[in-house]
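Asks: Taken in order, the sequence shown gives residues 102 to 455; the numbers are from our numbering. Ideal Cβ positions, reconstructed from N, Cα and C, are used throughout, including at glycine. None of these values were measured; they are calculated from a predicted model. Sharing a structure below in structure tokens format, with a few things to ask.
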Amino acid sequence: MNDAESILSDMNDRSRDVFRAVVETYLDSGGPVGSRTLTRSLSEKISAATVRNVMQDLEYLGLLDSPHVSAGRVPTQMGLRMFVDSLLEVGDLDRQDQQKIDATMGQNAGDVGAMLDQVGAALSGVTQGASLVLTPKHEAEIRHIEFVSLAPDRALVVLVFSDGQVENRIFTPPPGQTPSSMREAANFLNALIEGRTLSDARREVQSEIQKRRQEIDSLAGELIESGFAVWDNDDSEDARLIVRGRSNLLAENDAEADLERMRHLFDDLERKRDIADFLQLTEEGEGVRIFIGSENKLFSLSGSSLVVSPYMNSDRKIIGAVGVIGPTRLNYGRIVPIVDYTAQLVGKLLSDRS
């Protein structure tokens with residue numbers, strides 16, 4: 102039994118009711134909760150003075166805190182953790198929320214990456230938080246590859262897989278590319294990699310380029326290498342994390358210090374500096390997990406919470422995750438079933454395709 106569980110078991114019914122009421126009111130309003138507010142919501146009719154005494158005891162136990170001398174109380178991180186673990190009542194998934202998520206699943210059916218991007222946008226819109234979607238690595242065999250010039254400094258590489266999935270990525274090609282060098286690069290790759298997975302193809306291409314470097318136009322060779330690097334290089338995990346809804350969190354924070362913490366969080370996410378932490382979350386078991394504040398170092402400086410659930414393929418292997426980031430006063434009871442449903446739906450969709 103941890104400290105929070107021990108404290109909860111020692112609390113009497115009145116203390117437990119006051120604590121629950123403080124946390125639920127805080128999650129609903131986002132502000133400190135005063136004793137007079139609680140006397141109107143508690144089922145037991147007790148005076149404001151009695152409620153204040155109970156709140157002082159809860160503050161002494163480390164479950165509540167006073168932001169200002171004359172203000173009400175807010176739950177501490179330990180208090181929120183105890184509430185989430187022991188007192189949280191998770192509601193059923195709202196039908197309107199379910200319909201909004203379901204609507205994304207039929208879009209971009211041929212492109213898993215685009216579909217998961219839509220899932221992230223839907224999660225962000227439904228929860229009014231920021232969403233994270235960790236996309237699976239694709240290990241189906243390659244059927245075809247093509248390079249398309251968009252501008253002197255931008256090109257599109259298209260991969261078609263044997264299972265029908267299509268992936269498109271924009272990248273910066275080496276300077277001096279021409280339509281003919283792009284065709285040469287695509288022809289070389291298509292003759293070499295058909296029937297291989299991305300991992301196998303990368304190794305084969307590197308080996309073949311070394312053998313035939315004199316035969317391959319130098320520009321085409323650079324294009325082949327840079328185009329493949331979009332998918333399969335040492336930093337390939339970076340492209341697997343989709344972040345949507347940044348503006349939702351920035352709008353939630355008015356204080357300059359809070360805004361700075363949120364900017365720090367998103368700077369880290371955009372650089373993917375701590376993506377290994379998020380990857381690890383998907384490998385530690387099934388079901389929805391909740392991380393509050395400093396419980397995960399990726400979000401410790403921003404004071405944010407993460408609700409995350411892995412999704413699985415047909416072999417029950419964890420291949421990715423979906424999650425929602427928000428302030429610690431998230432409506433956990435509503436967010437948990439949304440994240441859980443989305444993860445299960447994504448897993449089923451990907452399993453049906455395999």
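#1: Consult DSSP for M413 and reduce its assignment to one of helix, strand or coil.
#2: Out of curiosity, what's the CA-to-CA distance linking S337 and V344?
#3: Tell me the DSSP secondary structure of I147 in three-state form.
#4: Look up A222 in the DSSP assignment and say whether it is helix, strand or coil.
#5: From which residue to which residue does the alpha helix (DSSP H) around F184 run?
#6: From the DSSP output, in three-state form, read off V261 for me.
#7: Using the rule of at least 16 other Cβ atoms within 10 Å of the residue's Cβ for burial, across every protein chain shown, is G394 buried or exposed?
#8: Quick one: does A302 have its CB under 8 Å from some CB of chain D?
#9: What's the gap between the Cα of F120 and the Cα of M156?
#10: With distances taken between CB atoms, is the gap from P438 to A422 smaller than 8 Å?
#11: What do you get for L260, buried or exposed, if any count of 16 or more other CB atoms within 10 angstroms of its CB means buried?
#12: For S452, I'd like the list of residues in its chain whose CB is within less than 7 Å of its CB, leaving aside the five on either flank, ordered along the chain.
#13: Using the Cα positions of D158 and V440, report the straight-line distance between them to the nearest angstrom.
#14: State the start and end residues of the unbroken beta strand (DSSP E) segment that holds L235.
#15: Tell whether a beta-carbon distance below 8 Å holds between V234 and G226.
#16: From the DSSP output, in three-state form, read off S447 for me.
#17: CB-CB under 7 Å to D254, same chain, minus the five flanking residues each way: which ones, in chain order?
#18: Below 8 Å, how does it come out for the stretch 104-118 and the stretch 140-150: are there three or more Cβ pairs, yes or no?
#19: Figure out for me which residue from Q445, T443 and G434 has the closest Cα to the Cα of D186.
#20: What residue from K418, G230, Q278 and L290 has the CA that sits closest to S405's CA?
#21: Check this for me: beta carbons of I436 and V425, under 8 Å apart or not?
#22: Which stretch, first to last residue, makes up the alpha helix (DSSP H) that contains E285?
#23: Using C-beta distances below 8 Å, list every residue in its chain close to L165, excluding the 5 sequence neighbours before and after it, in chain order.
#24: Check for me: the alpha helix (DSSP H) holding V124 runs from which residue to which?
#25: Return the Cβ separation of Q278 and Y442 in integer angstroms, given the expectation that the two are a contact with Cβ distance under 8 Å.
#26: Starting from G344, follow its DSSP beta bridges and name the residues at the other end.
#27: Can you tell which of G214, A215, R347 and E285 has its C-alpha closest to the C-alpha of F248?
#28: Quick check: L290 and V306, are their CB atoms within less than 8 Å of each other?
#29: Can you name, in chain order, every residue of its own chain whose Cβ lies under 6 Å from the Cβ of R390, other than the five neighbours on each side?
Replies: According to the data block:
#1: strand
#2: Model confidence at S337 stands at a pLDDT of 46, short of 50, so the residue's coordinates are unreliable and nothing is read from them.
#3: coil
#4: helix
#5: Going by DSSP, F184 is part of no alpha helix (DSSP H) at all; its letter is neither H nor E.
#6: Correct three-state label for V261: strand.
#7: Buried.
#8: Among the chains of the structure shown, chain D does not appear; only one protein chain is present.
#9: Using only the alpha carbons, I get a separation of about 8 Å.
#10: Going by C-beta atoms, P438 is not nearer than 8 Å to A422.
#11: It is buried - the Cβ of L260 has at least 16 other Cβ atoms within 10 Å.
#12: Result list for S452: N414 and S415, in chain order.
#13: 35 Å
#14: A231 to L235
#15: no
#16: Here residue 447 is Val; the residue named in the question, Ser, does not match the sequence. It is helical.
#17: T273
#18: yes
#19: Measuring from the Cα of D186, the nearest candidate turns out to be G434.
#20: Minimum Cα distance to S405 is reached at G230.
#21: yes
#22: P280 to I294
#23: F120, V123, M156, L159, R174, V175, P176, T177 and G180
#24: D114 to S130
#25: At roughly 45 Å, the Cβ-Cβ gap does not stay under 8 Å, so Q278 and Y442 are not in contact.
#26: The sequence given here places Val at residue 344; Gly does not occur at that position. Answer by DSSP bridge pairing, in chain order: L233.
#27: E285
#28: yes
#29: Take R390, set aside five residues on each side of it, and the residues of its chain with a beta-carbon closer than 6 Å to its own are V409, in chain order.
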